[in-house]
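Residue numbering for the sequence shown follows numbering that gives the first Met the number 0, beginning at 0 and increasing consecutively.
Ideal Cβ positions, reconstructed from N, Cα and C, are used throughout, including at glycine.
Data first, discussion second: the structure below is written as structure tokens.
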Amino acid sequence: MLERTRRKTRTEITFVLPAGHPAGPVSVVGDFNSWRPGANPMTERPDGSRAVTVAFPAGERHGFRYLADGGHWLDEDGADGHDGRNSLLHT
0 MLERTRRKTR
10 TEITFVLPAG
20 HPAGPVSVVG
30 DFNSWRPGAN
40 PMTERPDGSR
50 AVTVAFPAGE
60 RHGFRYLADG
70 GHWLDEDGAD
80 GHDGRNSLLH
90 T
């Protein structure tokens, strides 16, 4: 799930995964962090879900995916689109 907070010149996107799915550490990787695993690790919230917030300039498009423990890739069903390989996000 994606939660958005729009500011004057940027959009803050909170990437959220449900509690316990998938098990183990997960990070958000994309063109905004040079696809570096661990650059944006998700942390547990009080309700057990995991999240990380990233600020983006307004009016951009980015590709991203979730990378779970063991090299398991996940897509975001609630993304703004998919390009056949990555989830897409429009800020």
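Asked	Found
Could you tell me the alpha carbon to alpha carbon distance between V25 and R60, rounded to whole angstroms?	22 Å
Quick check on this structure: which residue in A22, I12, W34 and F31 has the alpha carbon closest to the alpha carbon of D47?	For the sequence presented, residue 47 should be read as Gly rather than Asp. Taking only the C-alpha atoms, the option nearest G47 is A22.
Quick check on the DSSP output: the beta strand (DSSP E) that includes A67 runs from which residue to which?	R60 to A67
Exposed or buried, what is G29 when buried is set at 16 or more other beta-carbons lying within 10 Å of its beta-carbon?	buried
According to DSSP, what are the bridge partners of G83?	According to DSSP, G83 bridges with nothing at all.
For E75, collect the residues of the same chain with a Cβ closer than 6 Å to its Cβ; drop the 5 residues on either side in sequence, then sort them by chain order.	S86
Note down the Cα distance separating W72 from N39, rounded to an integer number of angstroms.	15 Å
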